[in-house]
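**Student:**
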Amino acid sequence: MSMQIKRPKGTQDILPADSQKWKTVEDIVRSAAEQFGFREIRTPVFEETGLYVRSVGDTSDVVTKEMYTVSSKGDSTFTLRPEGTAGVVRAMLENGLMNEGFPQKVYYVISAFRHEKPQAGRLREFHQFGVEMFGAASPYADAEIILLASSILDACGLENVELHINSIGCPECRAKYREALRDYFEPHREELCETCRERLGKNPMRLLDCKSPICKEIALNAPIITDYLCDDCREHFEALKDILDDYGVKFKVDPKIVRGLDYYTRTVFEFISNDIGAQGTVCGGGRYDGLVSELGGQQVPALGFGMGLERLIMTMESCGCEFEAQKTCDLYIAPMGETARRKAALLADAVRREGYSAETDLVGRGLKPQMRYADKIGAKYVCVLGDNELETGEAKLKNMRTGEEKPVVLTEFIRTFADVLLSELFDGDFSEQLGSLLEDLPAADTSDV
RNA sequence: GUGGAUAUAGCGUAGUUGGUUAACGCGUCAGAUUGUGGUUCUGAAGAUCGUCGGUUCGAGUCCGACUAUCCACCCCA
């Protein structure tokens, strides 16, 4: 036997036992995005390398050491997308969507790729839900994006996820702030760790979230970006905070949030979980008013976020959140003998055409193992099909939950099966359940308005 | 790129100071007299103990190297 091929480092197989979790969160994010008026966009998994160099930034770690880049037969080099925003902006521009009226609101559910050393919550192929909004400069747009993220986390059942927000200003205020930081840290140069000494020249904002105790200590009294915002940026930030208060969205202003992707301006935010290890950022995003023009479009205000799906699922697991139940089989047909098997296959097909799920034997098992199998797959009903049934034209439908059996005439099988399924749904305490369900519905609360 | 930990059936584990056929649970498959599942009982299949090398009469166990995985730094979703 030859050597087994194993999956590439940092990738994951999502097996049937877990795929339901993914379906759950994908359903949640999609329907939330659509409630907010976002529509799905799908772009290629790979793009010309230059797109990411220009958008993410040619000094960022993502671009300098984490991209999967291949050179094609021609002259271009292509890169597996390391994040979602750049491709979306490119597609919006290329297809003229920026001319179709603002705001433009799109969402996506994608794989992204970064060559990193894997650890908890960090993979080489990871999955992301993201949204982007174009053409809205108002702080209401920032608030709405954050509200969308927040309501998704709520819908997932998460409670211990903290929202941290910050404003990193426009290029002008940021330049002033960088100067202030250099002035502050320069006298401490000798005490700083090695990497921070380098950062001091290139990107002093990175010093703020250094984990080294000494640097942390020094950074404690460092100037804060929000003190250096220009009037416009400060007003924007203040307005955003007010609107979030109106929404009842709790947040912490966290001056240490400095996003690593170069394109952010003004608002940046992260939703952070403490339950899933060191990589706790479940969702991160912000405003990037300069990116569209950087990629060759008009000056268009824009903003968005990315949500890490594996991190989201991990957080849900650690909080004991519920996932959608797997749909189970409506009917299992247990044939005995070759003739019955052929009939069973046709019967299962007919049942499926009516919209129910049906299975029958495919591996030639005896009756008892088939019953076991039917139980294992959670079949709601079983119909045994043997010589007797074929002769008399009559079979029994067994309810696997109650063990109760009801006769079916084979020529009227589908009609009877549908009747039985429906009657189970509607008899007993069903009407009671419906009543209490209606009572539980909260009356819409519009008292604030 | 830098650290630390781990590696025994499909999964989860046990394996005493090195000593014969590597154990258990879950799962899988099959049986417990007539054509009916869940519980129970019985049985079966399934592991060259991550790989290579070393020490030894003898290595799952000790040593070394390599590889993989996990965790952390860094960075980010």
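When you read off a place in the first sequence, starting at 1, and then add 875, the result is the number in the numbering used here.
Each residue gets a CB set at the ideal place from its N, CA and C atoms; glycine is no exception.
Fair warning: this is a prediction, and the values are worked out from it, not measured in the lab.
In the DSSP assignment, what are the bridge partners of His1039?
**Tutor:** BP columns for His1039 point to Lys1127, Glu1145.
**Student:** Between which two residues does the beta strand (DSSP E) holding Pro1098 run?
**Tutor:** Segment: none, Pro1098 is in no beta strand (DSSP E) and carries neither H nor E.
**Student:** If you drop the 5 nearest sequence neighbours on each side, which residues of the same chain put their C-beta closer than 6 Å to that of Glu1229?
**Tutor:** Ile1289.
**Student:** Applying the criterion that 16 or more other CB atoms from any shown protein chain within 10 Å of the CB defines a buried residue, is Tyr1103 buried or exposed?
**Tutor:** Buried is the call here.
**Student:** Just to confirm, are Leu1038 and Ser1025 a CB contact at a threshold of 8 Å?
**Tutor:** Their beta carbons are under 8 Å apart, which means Leu1038 touches Ser1025 by this criterion.
**Student:** Just grab the DSSP bridge partners of Gln979 for me.
**Tutor:** Phe1009.
**Student:** Reducing DSSP to helix, strand and coil, say where Phe1198 ends up.
**Tutor:** Of the three classes helix, strand and coil, the one that applies to Phe1198 here is coil, per DSSP.
**Student:** Is the CB-CB distance between Val1006 and Leu1023 below 8 Å?
**Tutor:** Yes.
**Student:** Which class does Ile916 belong to by DSSP, given the choice of helix, strand or coil?
**Tutor:** If DSSP states are grouped into helix, strand and coil, Ile916 belongs with coil.
**Student:** Based on the DSSP output, what are the partners of Ala1233 in its beta bridges?
**Tutor:** The partner list for Ala1233 (beta bridge, DSSP) reads Leu1206.
**Student:** For Leu1067, which three-state DSSP category applies?
**Tutor:** Residue state, collapsed to three classes: coil.
**Student:** Using only the alpha-carbon positions, how far apart do Asp1304 and Leu1222 sit?
**Tutor:** For Asp1304, the predicted model reports a pLDDT of 49, less than 50, meaning its position is unreliable and no value from the coordinates is stated.
**Student:** So, helix, strand or coil for Gly1032, using DSSP?
**Tutor:** Here Gly1032 sits in coil by DSSP.
**Student:** What did DSSP end up calling Cys1085 once you bin it into helix, strand or coil?
**Tutor:** Of the three classes helix, strand and coil, the one that applies to Cys1085 here is coil, per DSSP.
**Student:** What does a CB cutoff of less than 8 Å around Lys884 pick up in its chain, not counting 5 residues either side in sequence?
**Tutor:** Same-chain partners within the cutoff: Pro993, Arg999.
**Student:** Quick one: what's Tyr1251 bridged to in DSSP?
**Tutor:** Inspection of the sequence shows that residue 1251 is occupied by Lys rather than by Tyr. Note: Lys1251 sits in no beta bridge, so no partner.
**Student:** If you draw a straight line from the alpha carbon of Lys1116 to that of Arg1162, how long is it in whole angstroms?
**Tutor:** Between Lys1116 and Arg1162, the C-alpha separation is close to 15 Å.
**Student:** Taking the alpha-carbon positions, what's the Gly1220 to Gly1239 distance?
**Tutor:** Gly is not the amino acid found at residue 1220; the sequence shown has Ala there. Their backbone Cα atoms lie some 13 Å apart in a straight line.
**Student:** To which residues of the same chain is Thr1101 closer than 8 Å at the C-beta, ignoring the five residues directly before and after it?
**Tutor:** Excluding residues within five positions, the ones whose Cβ falls inside 8 Å are Asn1041, Ser1042, Arg1109, Phe1112, Val1128, Pro1130.
**Student:** Mapping DSSP to helix, strand and coil, what is Asn974?
**Tutor:** In the structure shown, Asn974 sits in a helix (DSSP, three-state: H, G or I).
**Student:** Could you tell me whether the stretch 1248–1260 touches the stretch 1203–1214, using the rule of 3 or more Cβ pairs below 8 Å?
**Tutor:** Taking 8 Å as the limit for Cβ pairs, the verdict is that the stretch 1203–1214 does touch the stretch 1248–1260.
**Student:** Got a sec, what are the start and stop residues for the beta strand (DSSP E) Lys881 sits in?
**Tutor:** Note, Lys881: premise wrong, no beta strand (DSSP E); not H, not E.
**Student:** Taking the beta carbon of Leu1242 as the centre, do at least 16 other beta carbons fall within 10 Å, making it buried, or is it exposed?
**Tutor:** Leu1242 comes out exposed.
**Student:** Suppose only complete runs of 3+ residues qualify. What are the beta strand (DSSP E) ranges in the stretch 900–951, listed by chain order?
**Tutor:** Those beta strand (DSSP E) runs which fall completely within the stretch 900–951 and span 3+ residues are 921–923, 944–946.
**Student:** Using the three-state DSSP reduction, which class does His990 fall into: helix, strand or coil?
**Tutor:** Coil, per DSSP.
**Student:** From Glu1092, Leu1136, Phe1126, Asp1121, pick the residue whose C-alpha is nearest to that of Asn1078; which is it?
**Tutor:** For the residues Glu1092, Leu1136, Phe1126, Asp1121, the minimum Cα distance to Asn1078 belongs to Leu1136.
**Student:** According to DSSP, simplified to helix, strand and coil, what is Val1175?
**Tutor:** If DSSP states are grouped into helix, strand and coil, Val1175 belongs with coil.
**Student:** Out of Pro1088, Ala961, Val1124, Cys1045, which has the shortest C-alpha to C-alpha gap to Glu1034?
**Tutor:** Residue Val1124 is the option with its Cα nearest to Glu1034.
**Student:** How far does the alpha helix (DSSP H) with Leu1272 in it reach, from first residue to last?
**Tutor:** Where Leu1272 is concerned, there is no enclosing alpha helix (DSSP H), although the beta strand (DSSP E) it sits in stretches over 1269–1274.
**Student:** Judging by CA-CA distance, which residue of Tyr1248, Thr1190, Val1259 is the nearest neighbour of Asp1029?
**Tutor:** Answer by Cα proximity: Thr1190.
**Student:** Spatial neighbours of Asp1118 within its chain, please: CB distance less than 7 Å, with the 5 preceding and 5 following residues excluded, ordered by chain position.
**Tutor:** For clarity, residue 1118 is Ile in the given sequence; the question names Asp instead. Cβ neighbours of Ile1118 beyond the five flanking positions: Pro1014, Tyr1015, Ala1018.
**Student:** Alpha helix (DSSP H) containing Pro1282: first to last residue?
**Tutor:** Not the alpha helix (DSSP H): Pro1282 falls in the beta strand (DSSP E), residues 1280–1284.
**Student:** Compare the Cα-Cα distances from Phe1060 to each of Gly1212, Arg1081, Cys1048 and report the closest residue.
**Tutor:** Answer by Cα proximity: Arg1081.
**Student:** Short of 6 Å in beta carbon distance, which residues of its chain neighbour Met876, apart from the five on each side in sequence? Order them along the chain.
**Tutor:** Because the pLDDT of Met876 is 39, which lies under 50, any placement of that residue in the model is unreliable, and the number read from its coordinates should be weighed accordingly. Once the five neighbours on either side are set aside, Met876 has no close Cβ partner at all.
**Student:** So, are the CB atoms of Met942 and Pro957 less than 8 Å apart?
**Tutor:** Cβ atoms of Met942 and Pro957: closer than 8 Å.
**Student:** Closest to Val920 by C-alpha separation, out of Asp933, Glu901, Val945, would be which residue?
**Tutor:** Of Asp933, Glu901, Val945, the residue nearest in Cα terms is Val945.
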